[in-house]
Amino acid sequence: MKIAIASGKGGTGKTFVATNLFYVAVKNGRNVTLADCDAEEPNVEGFLQGKPIRKKTVSQNLAVIDPEKCVYCGKCRDWCIYNAIICLEEQQKIYLLEDLCHDCGACLVACKFDAISETERRLGTVTTSVIEEDSVLTEARADVGIYSSVPVIKAALTASGTPSLLLMDAPPGISCPFITTVAPADFVVLVTEPTPFGLNDLKLSVETLEQLGKPYGVVVNRDGLGDHKVYDWLEEKNIPLLMKIPFDREIARIYSQSLLVAAEDDSYAKQFLLLLQKIEALCKN
Ligand code: SF4
Ligand code: SF4
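Residue numbers for the sequence shown follow the working numbering, beginning at 2 and rising by one.
Written as structure tokens, this is what we have:
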């Protein structure tokens, strides 16, 4: 079973939920992998302190155009569906927009003048760490300044293999990195907070998941902080409210010390186990 933990915006507590779910799954003897897919700012490792066993570099091929050989026919530009090539026939100029190159290779096939070759560009790393026997963390970490973290996230998901339970800590937002992470999920847990911003971003996430046809439920973090509008909206839309986590100074203290509340407080261990069981039951329905 694959469960993505996501949120429309950063800072709502999705890593908090993902790491505590992972903890209770491990303690209950599950074969579980947690994939940290928040490739631009991965932080799960700080809570789990695993033993790294593998680090893989993720790279892509990038087209390189040789202006000495190019006759400015424009064929490579016409074949590039990502609009990564600008060819100005009259001015005898050609440019490659590196960030738009998706390593599809079409321009190499198109060019009959041997003017295009490839070079390798590094995008990031995927690190695999053992947490306990049968439990693994895979971390996607994109290099600073790359245009898209999607290839790094895909590599982390591939490295995660097929455990009996895969938890995926999704990047915030609803753009391509989010969609790449939730695409393989059987269920998506949306973490929000009871504030106007939380509700606004929750609505955007729900709209996206509806379009993708993904089953989902909501965890409200920092319950008691804002107002009741999130709960009213969930009820109106008949969206499952999976768990409420109180706005609590003690939880904040534990989290700020990079500890897990389920490990520190048995009542939370029970609540997160219940959350896991609820999700599994919803998946079976
Ligand atoms: S297809 Fe080859 S020759 Fe034609 S514009 Fe592209 S690089 Fe130049
Ligand atoms: S490899 Fe593909 S995406 Fe990149 S420039 Fe060539 S045709 Fe465009």
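C-beta atoms are modelled at their ideal positions from N, C-alpha and C, and glycine is treated no differently.
Is the beta carbon of residue i less than 7 angstroms from the beta carbon of residue j?
i, j, result
"Ala157", "Thr139", "yes"
"Leu235", "Leu243", "no"
"Thr182", "Cys284", "no"
"Val1", "Thr58", "Residue numbering for the chain in the displayed model covers 2 to 286; residue 1 lies beyond these limits and cannot be assessed."
"Lys56", "Thr128", "yes"
"Thr13", "Asn286", "no"
"Val45", "Asp135", "no"
"Ser60", "Glu121", "yes"
"Leu22", "Ile66", "no"
"Gly9", "Leu226", "no"
"Pro197", "Val231", "no"
"Asp224", "Lys245", "yes"
"Ile175", "Thr209", "yes"
"Ile54", "Val131", "yes"
Hey, residue i and residue j are a contact pair by Cβ (cut 8 angstroms); roughly how many whole angstroms apart?
i, j, result
"Pro172", "Pro164", "Not really, about 21 angstroms apart at Cβ, beyond 8 angstroms."
"Lys28", "Leu167", "With 8 angstroms as the limit, Lys28 and Leu167 do not qualify as a contact, their Cβ atoms being about 17 angstroms apart."
"Glu99", "Leu63", "6 angstroms"
"Ala186", "Ala5", "4 angstroms"
"Cys102", "Cys77", "Incorrect: roughly 11 angstroms between the Cβ atoms, too far for contact."
"Leu277", "Ala26", "6 angstroms"
"Ala7", "Ser161", "Rounded, the Cβ-Cβ distance is 16 angstroms, inconsistent with contact."
"Ala40", "Ala143", "4 angstroms"
"Asp190", "Ile280", "The sequence given here places Val at residue 190; Asp does not occur at that position. Contact holds; Cβ gap of about 7 angstroms."
"Phe48", "Ser259", "5 angstroms"
"Ala75", "Glu90", "First, the residue type needs correcting, since residue 75 is Gly and not Ala in the sequence shown. Right, the Cβ-Cβ distance comes to about 6 angstroms (below 8 angstroms), so this counts as a contact."
"Tyr24", "Ala282", "Rounded, the Cβ-Cβ distance is 20 angstroms, inconsistent with contact."
Tell me whether residue i, by its Cβ, gets closer than 6 angstroms to a heavy atom of ligand 3.
i, result
"Leu63", "Within the structure as shown, ligand 3 is missing, the only ligands being ligand 1 and ligand 2."
With a threshold of 8 angstroms, are at least 3 pairs of Cβ atoms found where one atom belongs to the region 81–94 and the other to the region 138–150? no
Under a criterion of Cβ closer than 5 angstroms to any non-hydrogen atom of ligand 2, which residues qualify, in chain order? Cβ atoms closer than 5 angstroms to ligand 2 belong to Ala64, Cys81, Tyr83, Ala85, Cys102, His103, Cys105, Ala107, Cys108.
Runs of 3 residues minimum, wholly inside the region 157–198: which ones carry the beta strand (DSSP E) assignment? 166–170, 188–193
Where in the region 196–247 do unbroken runs of the alpha helix (DSSP H), each at least 4 residues long, occur, reported from the N-terminal end onward? Given a length threshold of 4 residues, each whole run of the alpha helix (DSSP H) inside the region 196–247 is given here in chain order: 197–213, 230–238.
With a cut-off of 6 angstroms, give the chain-ordered residues whose Cβ is closer than this to any heavy atom of ligand 1. Ile66, Cys71, Val72, Tyr73, Cys74, Gly75, Lys76, Cys77, Cys88, Ile95, Ala111, Cys112, Phe114, Ala116, Ile117
Tell me whether the region 218–227 and the region 255–268 touch, counting them as touching only if at least three CB pairs, one residue from each stretch, are closer than 8 angstroms. no
Residue ranges of each alpha helix (DSSP H) within the region 42–128, 4 or longer: 46–49, 76–80, 107–111
Assess contact between the region 197–209 and the region 14–21, defined as three or more Cβ pairs (one per stretch) separated by less than 8 angstroms. Is contact present? Look at the beta carbons and you see the region 197–209 not touching the region 14–21: under three pairs across the two are nearer than 8 angstroms.
Segment contact flag, the region 65–81 with the region 105–120, C-beta cutoff 8 angstroms, min 3 pairs: yes
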